[in-house]
Amino acid sequence: MVRIGQIGIALGVLGAVLAVMGLFPGVTGLPPTPGIGTIQLLILLTGFTLLIAGAFIYAKYTFYSYQTANLAQQIALRLSMTGLLFSGMSAMADILGFGSNLRTETSDIFFGAWQAAGLIGGFLVASLGVLVYAVAGISSDSGVEPRRPIVTAPDDDTLPIIRRDPKPEQDKEPL
Numbered sequence: 030m031v032r033i034g035q036i037g038i039a040l041g042v043l044g045a046v047l048a049v050m051g052l053f054p055g056v057t058g059l060p061p062t063p064g065i066g067t068i069q070l071l072i073l074l075t076g077f078t079l080l081i082a083g084a085f086i087y088a089k090y091t092f093y094s095y096q097t098a099n100l101a102q103q104i105a106l107r108l109s110m111t112g113l114l115f116s117g118m119s120a121m122a123d124i125l126g127f128g129s130n131l132r133t134e135t136s137d138i139f140f141g142a143w144q145a146a147g148l149i150g151g152f153l154v155a156s157l158g159v160l161v162y163a164v165a166g167i168s169s170d171s172g173v174e175p176r177r178p179i180v181t182a183p184d185d186d187t188l189p190i191i192r193r194d195p196k197p198e199q200d201k202e203p204l
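Below you can see the structure in the form of structure tokens.
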């Protein structure tokens, strides 16, 4: 499972590089243009998304590789996806047509302070979701045995049936 954690690190680094390229396109050697464009925003949002996805993959397969996600971790994952969605919608508001500065023949789109605040705020919410995911799980080193599925073989030679044990073995009372 260490290899999958390394893939998460690689995705995170790729996302960080894309985010820097989206924020500062002059790094790539292109001449800077006034304002911020659609492709620049798409590259920035793709970088943020890859960064968050890489962080989730790293946290999952480094700390909780053989465990299913608990409720707090599932909520944290959804919180991060909501933050990324909020970032995308606020950054692309004028481009998608529901922003306050719509494109006309004489004016171009405008990336304003409220859109930048929405972009950064959504990314901070997504980052908070990654932190909650990393902290909320039960680590393999904590000594607490996680609940594992019980696999039973069916009567015929089809796939095994997997069911969840309602109580872990250490919590069962003696008869």
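In this note's numbering, each number is its position in the sequence shown, counted from 1, plus 29. Even glycine gets a Cβ: it sits at the ideal position worked out from N, Cα and C. The model shown is predicted, which means the values in this text are computed figures rather than measured ones.
Across the structure, F115 and A98 are spaced so that their CA atoms are roughly 24 Å apart. With a cutoff of 8 Å on beta-carbon distance, S109 and Q144 are scored as not near each other. V56 sits exposed, since fewer than 16 C-beta atoms from the chains shown fall within 10 Å of its C-beta. Spatial neighbours of Y90 in its own chain (CB-CB distance under 7 Å, excluding positions within 5 residues in sequence) are listed in chain order as M30, I33, G34 and G37. DSSP, read as helix, strand or coil, puts T111 in helix. With contacts defined as CB atoms closer than 8 Å, V164 and F85 fail to qualify as a contacting pair.
Its chain contains G112, F115 and S116 as the residues whose beta carbon lies nearer than 6 Å to that of G151, once the 5 sequence neighbours on both sides are disregarded; these appear in chain order. Annotation: A48 to P54 spans about 10 Å, alpha carbon to alpha carbon.
Around the beta carbon of L70, a 10 Å sphere encloses 16 or more other beta carbons of the protein chains shown; the residue is thus reported as buried. In the DSSP assignment, M50 falls within the alpha helix (DSSP H) that extends over V31 to L52. As the crow flies, the alpha-carbon of Y87 is around 11 Å from that of Y162.
Its chain contains Q69, I72, L73 and G76 as the residues whose beta carbon lies nearer than 6 Å to that of G51, once the 5 sequence neighbours on both sides are disregarded; these appear in chain order. Taking all protein chains shown into account, Q103 has fewer than 16 neighbouring C-beta atoms within 10 Å of its C-beta and is therefore exposed. A straight-line Cα-Cα distance of about 29 Å links D137 and L79.
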